[in-house]
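What follows is a short report on a single structure.
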Amino acid sequence: MTQPNAYTVPIAYSTIQTPIRLIELPPALLDLVTSPNPPTLHLKSLPPVPHPTTANPQPHAYLTTPTQTFTIRQVSSSNNTFLLRHADHTRVTTHYPPSIDPLNPPEPEIREETALTSILTSTTTSHLEVLPYSPNPVATLRKMVPAYSDLYTPAPLYGSKETLFLDVPLSRLQFEQGWKEALCFEDTIQVVDEDGDSTTRTCIWRLDPLLTLRVLKMLEEFRLSEGLSWSLEPRVIEDFREMFSEDGSAATRWMPGMVETIIRNVMEGNVHRFTARMALEILSEHGAISVDKLKKGWLDYLPETMRAGAEAWTDEKLVELVKGYSESPTARSVKFVEPPELLVVEGGAAKGAVKKGKWHEKFAAQRK
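As numbered in full-length UniProt numbering, residues 1 to 368 make up the sequence shown, in order.
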């Protein structure tokens, strides 16, 4: 066997083994964090599951950029990974030049060479893997944020919109899209403790279907009777909230955030979409209903001034309007379903779902 010409590299163990955790980043994320102006990243996790099972496992840790979400999982290996620290040291060697005259050999040369030494500072048998993850932001927020379903006994989620963002595995872009689509709003309430002291607390809700449709009709009737225009000005919102205050109506307890969310969707032209979805959720509470029943019930919930053109809609157009919140057991029936937790990409695969497999199968596939 031929001998290598190069010197071997000595390895020495450090007296103190430093704990480490290696993390493997996808190329796109690596480019992002090494860019000239890297954005702020957030590490997040959901609250622990009380009794995790295979179907209901403990939540992962999540890493979010301004536009994307990644899941972080630990990957164990049967092979150790070594972390080395290089160090230079001077090596003294004696060099004997070739001799021409055996009786007069040349003087040996003393040489100082810089040699490389590796100091083993840490070992690990696992690393963290960062994988792209595409949760459905609407499903995530609907699961976490309670509906403002009772004017007198709301069950709020205490905290602000910003604190909620820090607790959900969503990027800022995904969170804002989900907040708007799930019809969430932020407001304040007065909380009285056992001693009778009152404290102002910030809370979060989402619109309840039945309450929203009822309030929408009342708002439209009041707007027409008073000659008002749809507006997000605080004065107009306050006028809407107090429209029945003189007779002690429950409308005096309407949250400004709730009224503002309804008005904003009307002004942005979303009224047909969100009312059709809410009508389906109400009407199919106990099972699938016919598309005809959905259309009739939806038109009944709509204010008359907002029904223009809707009566002539085809069944296909109405079913398309509630897409993402419905399924059709038959060609002529439909029922409400909660949005899927993961977004579905072309081909039917859930984007963000982790494929399971043995590590040796993964590498065997790469060698083919």
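Virtual Cβ for every residue (Gly too), placed ideally from N, Cα, C.
From the options, residue whose alpha carbon lies closest to that of residue i
i: residue 119; options: 105, 145, 82; result: 82
i: residue 132; options: 70, 110, 39; result: 70
i: residue 233; options: 313, 225, 263, 222; result: 263
i: residue 223; options: 303, 98, 339; result: 303
i: residue 330; options: 37, 181, 19, 288; result: 288
i: residue 301; options: 272, 312, 320; result: 272
i: residue 93; options: 188, 184, 109; result: 109
i: residue 188; options: 325, 135, 204, 165; result: 204
i: residue 73; options: 62, 215, 80, 145; result: 62
Three-way DSSP call (helix, strand, coil) for residue i in this model
i: residue 68; result: coil
i: residue 301; result: helix
i: residue 265; result: helix
i: residue 375; result: This structure cannot settle anything about residue 375, because the visible part of the chain is limited to 1 through 368.
i: residue 109; result: strand
i: residue 345; result: Because the pLDDT of residue 345 is 47, which lies under 50, any placement of that residue in the model is unreliable, and the question is left without a value.
i: residue 179; result: helix
i: residue 201; result: strand
i: residue 127; result: strand
i: residue 63; result: strand
For residue j and residue i, the rounded distance between their alpha carbons
i: residue 29; j: residue 308; result: 48 Å
i: residue 299; j: residue 218; result: 15 Å
i: residue 64; j: residue 171; result: 5 Å
i: residue 125; j: residue 178; result: 39 Å
i: residue 255; j: residue 281; result: 22 Å
i: residue 16; j: residue 122; result: 9 Å
i: residue 266; j: residue 18; result: 59 Å
i: residue 33; j: residue 39; result: 7 Å
i: residue 294; j: residue 199; result: 43 Å
i: residue 325; j: residue 337; result: 5 Å
Unbroken alpha helix (DSSP H) run spanning residue i, endpoints
i: residue 225; result: 209-226
i: residue 186; result: Taken as a continuous stretch (DSSP letters only), residue 186 belongs to no alpha helix (DSSP H), being part of the beta strand (DSSP E) at 184-192.
i: residue 42; result: Here residue 42 belongs to no alpha helix (DSSP H); instead the beta strand (DSSP E) covers 42-45.
i: residue 138; result: 137-144
i: residue 28; result: 27-33
Beta strand (DSSP E) segment containing residue i, residue limits
i: residue 22; result: 22-24
i: residue 335; result: 333-336
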